[in-house]
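First residue of the sequence shown? That's 1 in our numbering, and the numbers climb one at a time after it.
Don't be surprised by glycine CBs; every beta carbon is placed ideally from N, CA and C.
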Amino acid sequence: MAWLSPAFPIGGFAYSGGLERAVHDGLVKDAAGLSAWLTSLLRHGSLWNDAVLFCEASRRFEDEVALKETAELGLALAGSAERHAETLSLGKAFASAASAWRHPVLDRLPPAVPFPVAVGAVAAAHGVPVAQALAAYLHAAVSQSVSAGIRLGVSGQVEGVAILAEIEGLVAEIAEKASLATLDDLGGAAVQAEIASLRHETQHSRLFRS
(Lines of atoms letter the chains of each structure in order from A and count residues from 1; the text may use other names and numbers.)
(Lines give C-alpha, C1' and ligand atoms only; values in the text may rest on other atoms or scores of the structure.)
Protein backbone atom coordinates (compact mmCIF):
# COMPACT_ATOMS: atom_id res chain seq x y z
CA MET A 1 0.00 0.00 0.00
CA ALA A 2 2.93 2.33 0.69
CA TRP A 3 4.41 1.70 -2.78
CA LEU A 4 1.13 2.57 -4.54
CA SER A 5 0.10 5.45 -2.32
CA PRO A 6 -0.21 8.92 -3.93
CA ALA A 7 2.47 9.98 -1.44
CA PHE A 8 5.03 7.56 -2.91
CA PRO A 9 7.52 9.80 -4.76
CA ILE A 10 7.17 8.71 -8.39
CA GLY A 11 5.39 11.75 -9.83
CA GLY A 12 2.32 9.97 -11.16
CA PHE A 13 0.19 13.09 -10.66
CA ALA A 14 1.92 14.67 -13.69
CA TYR A 15 0.49 12.18 -16.21
CA SER A 16 -2.98 11.55 -17.64
CA GLY A 17 -2.23 8.70 -20.08
CA GLY A 18 -3.89 10.55 -22.96
CA LEU A 19 -7.00 11.46 -20.95
CA GLU A 20 -6.29 15.18 -21.29
CA ARG A 21 -6.46 14.93 -25.08
CA ALA A 22 -9.60 12.79 -24.88
CA VAL A 23 -11.27 15.54 -22.85
CA HIS A 24 -9.99 18.19 -25.27
CA ASP A 25 -11.43 16.26 -28.24
CA GLY A 26 -14.80 15.68 -26.55
CA LEU A 27 -14.38 11.92 -26.19
CA VAL A 28 -14.79 12.22 -22.43
CA LYS A 29 -17.27 14.89 -21.36
CA ASP A 30 -18.53 13.89 -17.92
CA ALA A 31 -18.24 11.38 -15.09
CA ALA A 32 -20.10 8.69 -17.04
CA GLY A 33 -17.69 9.14 -19.93
CA LEU A 34 -14.71 8.95 -17.58
CA SER A 35 -16.01 5.72 -16.10
CA ALA A 36 -16.53 4.23 -19.57
CA TRP A 37 -13.03 5.35 -20.60
CA LEU A 38 -11.43 3.64 -17.61
CA THR A 39 -13.50 0.50 -18.08
CA SER A 40 -12.28 0.26 -21.68
CA LEU A 41 -8.65 0.67 -20.63
CA LEU A 42 -9.03 -2.07 -18.04
CA ARG A 43 -10.76 -4.54 -20.33
CA HIS A 44 -9.19 -3.78 -23.70
CA GLY A 45 -6.45 -1.16 -23.43
CA SER A 46 -3.20 -0.11 -21.82
CA LEU A 47 -4.21 -1.12 -18.29
CA TRP A 48 -4.89 -4.68 -19.44
CA ASN A 49 -1.45 -4.89 -21.07
CA ASP A 50 0.10 -3.40 -17.93
CA ALA A 51 -1.62 -6.11 -15.90
CA VAL A 52 -0.22 -8.89 -18.09
CA LEU A 53 3.29 -7.43 -17.95
CA PHE A 54 2.98 -6.99 -14.18
CA CYS A 55 2.15 -10.68 -13.75
CA GLU A 56 4.92 -11.83 -16.07
CA ALA A 57 7.44 -9.78 -14.05
CA SER A 58 5.99 -11.22 -10.87
CA ARG A 59 6.51 -14.78 -12.10
CA ARG A 60 10.03 -14.12 -13.41
CA PHE A 61 11.39 -11.83 -10.69
CA GLU A 62 14.36 -14.13 -10.03
CA ASP A 63 15.41 -14.28 -13.70
CA GLU A 64 17.43 -11.22 -14.75
CA VAL A 65 17.32 -12.10 -18.46
CA ALA A 66 13.55 -12.63 -18.40
CA LEU A 67 13.02 -9.32 -16.59
CA LYS A 68 15.09 -7.53 -19.23
CA GLU A 69 13.07 -9.13 -22.04
CA THR A 70 9.78 -8.29 -20.32
CA ALA A 71 10.93 -4.71 -19.78
CA GLU A 72 11.89 -4.36 -23.45
CA LEU A 73 8.51 -5.73 -24.51
CA GLY A 74 6.70 -3.34 -22.18
CA LEU A 75 8.52 -0.34 -23.60
CA ALA A 76 7.91 -1.53 -27.17
CA LEU A 77 4.17 -1.72 -26.45
CA ALA A 78 4.00 1.96 -25.46
CA GLY A 79 1.96 3.40 -28.32
CA SER A 80 3.33 6.94 -28.27
CA ALA A 81 6.43 8.85 -27.24
CA GLU A 82 4.61 10.22 -24.21
CA ARG A 83 3.34 6.82 -23.08
CA HIS A 84 6.90 5.51 -23.45
CA ALA A 85 8.29 8.41 -21.39
CA GLU A 86 5.53 7.99 -18.78
CA THR A 87 5.99 4.30 -18.08
CA LEU A 88 9.79 4.64 -18.18
CA SER A 89 9.85 7.63 -15.83
CA LEU A 90 7.46 6.00 -13.35
CA GLY A 91 9.36 2.70 -13.48
CA LYS A 92 12.71 4.33 -12.77
CA ALA A 93 11.25 6.46 -9.98
CA PHE A 94 9.54 3.46 -8.42
CA ALA A 95 12.71 1.34 -8.45
CA SER A 96 14.64 4.21 -6.88
CA ALA A 97 12.11 4.88 -4.12
CA ALA A 98 11.55 1.16 -3.43
CA SER A 99 15.26 0.81 -2.66
CA ALA A 100 14.32 1.82 0.88
CA TRP A 101 13.15 -1.82 1.08
CA ARG A 102 16.46 -3.40 0.12
CA HIS A 103 16.25 -6.61 -1.90
CA PRO A 104 18.46 -8.25 -4.58
CA VAL A 105 15.59 -7.94 -7.10
CA LEU A 106 16.43 -4.25 -7.46
CA ASP A 107 19.80 -5.20 -8.91
CA ARG A 108 18.13 -7.54 -11.40
CA LEU A 109 15.87 -4.83 -12.83
CA PRO A 110 17.22 -3.30 -16.06
CA PRO A 111 17.99 0.44 -16.04
CA ALA A 112 15.13 1.04 -18.51
CA VAL A 113 12.19 -0.60 -16.78
CA PRO A 114 8.49 0.16 -17.41
CA PHE A 115 6.34 0.86 -14.38
CA PRO A 116 4.27 -2.39 -14.25
CA VAL A 117 7.39 -4.54 -14.64
CA ALA A 118 9.15 -2.74 -11.79
CA VAL A 119 6.19 -3.00 -9.42
CA GLY A 120 5.38 -6.60 -10.33
CA ALA A 121 8.94 -7.81 -9.79
CA VAL A 122 9.47 -5.94 -6.52
CA ALA A 123 6.10 -7.00 -5.10
CA ALA A 124 6.77 -10.66 -5.89
CA ALA A 125 10.25 -10.49 -4.43
CA HIS A 126 8.76 -9.31 -1.15
CA GLY A 127 6.19 -12.09 -1.13
CA VAL A 128 3.08 -10.07 -1.98
CA PRO A 129 0.52 -12.34 -3.73
CA VAL A 130 0.26 -11.35 -7.38
CA ALA A 131 -3.52 -10.86 -7.56
CA GLN A 132 -3.51 -8.62 -4.48
CA ALA A 133 -0.49 -6.63 -5.66
CA LEU A 134 -2.00 -6.18 -9.11
CA ALA A 135 -5.37 -5.10 -7.70
CA ALA A 136 -3.57 -2.41 -5.72
CA TYR A 137 -1.62 -1.35 -8.82
CA LEU A 138 -4.74 -1.11 -10.98
CA HIS A 139 -6.69 0.71 -8.26
CA ALA A 140 -3.87 3.25 -8.01
CA ALA A 141 -3.88 3.72 -11.80
CA VAL A 142 -7.64 4.23 -11.87
CA SER A 143 -7.46 6.61 -8.91
CA GLN A 144 -4.81 8.68 -10.69
CA SER A 145 -6.99 8.89 -13.80
CA VAL A 146 -10.01 9.91 -11.74
CA SER A 147 -7.90 12.60 -10.08
CA ALA A 148 -6.83 13.80 -13.52
CA GLY A 149 -10.47 13.81 -14.63
CA ILE A 150 -11.38 15.99 -11.66
CA ARG A 151 -8.60 18.44 -12.50
CA LEU A 152 -9.74 18.48 -16.13
CA GLY A 153 -13.26 19.38 -15.05
CA VAL A 154 -15.19 16.34 -16.29
CA SER A 155 -15.95 15.01 -12.81
CA GLY A 156 -16.49 16.36 -9.33
CA GLN A 157 -14.90 14.82 -6.27
CA VAL A 158 -18.09 13.06 -5.14
CA GLU A 159 -18.61 11.70 -8.66
CA GLY A 160 -14.97 10.61 -8.71
CA VAL A 161 -15.42 8.56 -5.56
CA ALA A 162 -18.54 7.00 -7.09
CA ILE A 163 -16.49 5.98 -10.14
CA LEU A 164 -13.92 4.27 -7.91
CA ALA A 165 -16.70 2.42 -6.08
CA GLU A 166 -18.28 1.37 -9.38
CA ILE A 167 -15.01 0.06 -10.85
CA GLU A 168 -13.79 -1.82 -7.74
CA GLY A 169 -15.32 -5.09 -8.85
CA LEU A 170 -13.85 -4.82 -12.33
CA VAL A 171 -10.39 -4.09 -10.90
CA ALA A 172 -10.58 -7.29 -8.84
CA GLU A 173 -11.85 -9.24 -11.86
CA ILE A 174 -9.06 -8.01 -14.14
CA ALA A 175 -6.43 -8.67 -11.47
CA GLU A 176 -7.62 -12.26 -11.11
CA LYS A 177 -7.86 -12.78 -14.87
CA ALA A 178 -4.41 -11.32 -15.56
CA SER A 179 -2.82 -13.43 -12.84
CA LEU A 180 -3.67 -16.47 -14.99
CA ALA A 181 -2.68 -14.84 -18.29
CA THR A 182 0.54 -15.15 -20.29
CA LEU A 183 2.31 -12.88 -22.76
CA ASP A 184 0.15 -14.47 -25.46
CA ASP A 185 -2.78 -12.57 -23.94
CA LEU A 186 -1.23 -9.17 -24.61
CA GLY A 187 -3.12 -6.94 -27.00
CA GLY A 188 -5.80 -4.30 -27.05
CA ALA A 189 -8.57 -2.64 -28.98
CA ALA A 190 -8.80 0.76 -27.28
CA VAL A 191 -7.92 2.58 -30.51
CA GLN A 192 -9.38 5.95 -29.50
CA ALA A 193 -7.25 5.97 -26.36
CA GLU A 194 -4.09 5.27 -28.34
CA ILE A 195 -4.92 8.02 -30.84
CA ALA A 196 -5.63 10.45 -27.99
CA SER A 197 -2.23 9.69 -26.50
CA LEU A 198 -0.56 10.36 -29.86
CA ARG A 199 -2.48 13.60 -30.38
CA HIS A 200 -1.57 14.83 -26.91
CA GLU A 201 2.06 15.14 -28.03
CA THR A 202 1.16 18.16 -30.18
CA GLN A 203 -1.47 19.72 -27.91
CA HIS A 204 -0.59 23.39 -27.38
CA SER A 205 -1.92 24.05 -23.86
CA ARG A 206 -1.54 21.19 -21.36
CA LEU A 207 -1.88 20.40 -17.67
CA PHE A 208 -0.27 16.95 -17.93
CA ARG A 209 2.86 15.42 -19.42
CA SER A 210 0.93 12.65 -21.19
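{"query": "By Cβ distance, which residues of its chain are closer than 8 Å to H103, with the 5 residues on each side in sequence left out?", "result": "V122, A125, H126"}
{"query": "In this structure, does DSSP put S205 in helix, strand or coil?", "result": "coil"}
{"query": "Considering only the alpha carbon of each residue, which of R206, S205, A193 lies closest to R83?", "result": "A193"}
{"query": "Taking all protein chains shown into account, decide if E56 is buried (16 or more other Cβ within 10 angstroms of its Cβ) or exposed.", "result": "buried"}
{"query": "Residues in the same chain with beta-carbon distance under 6 Å from A181, minus the five sequence neighbours each way, listed in chain order, please.", "result": "V52"}
{"query": "Nearest to L19 by CA position, among G149, G169, H44, is which residue?", "result": "G149"}
{"query": "Quick test of your reading: R21 and R199, contact by CB under 8 Å. State the CB separation rounded to the nearest angstrom.", "result": "5 Å"}
{"query": "Of the residues Q203, R206, T202, S197, which one's Cα is nearest the Cα of E86?", "result": "S197"}
{"query": "Taking the straight line between their C-alpha atoms, what separation do you get for E62 and V105?", "result": "7 Å"}
{"query": "Taking the Cβ atom as the reference point for each residue, do F54 and P114 lie within a distance shorter than 7 Å?", "result": "no"}
{"query": "With a 10 Å radius around its C-beta and 16 neighbouring C-beta atoms as the bar for buried, classify Q157 as buried or exposed.", "result": "exposed"}
{"query": "In chain order, what are the residue ranges of uninterrupted alpha helix (DSSP H) at least 4 long that sit wholly in the stretch 116-186?", "result": "130-151, 157-179"}
{"query": "Short of 7 Å in beta carbon distance, which residues of its chain neighbour H24, apart from the five on each side in sequence? Order them along the chain.", "result": "Q203"}
{"query": "According to the neighbour-count rule (16 or more other Cβ atoms, all chains shown, within 10 Å of its Cβ), is W48 buried or exposed?", "result": "buried"}
{"query": "Comparing C-alpha positions only, which one of A118, S80, V28 sits nearest to K68?", "result": "A118"}
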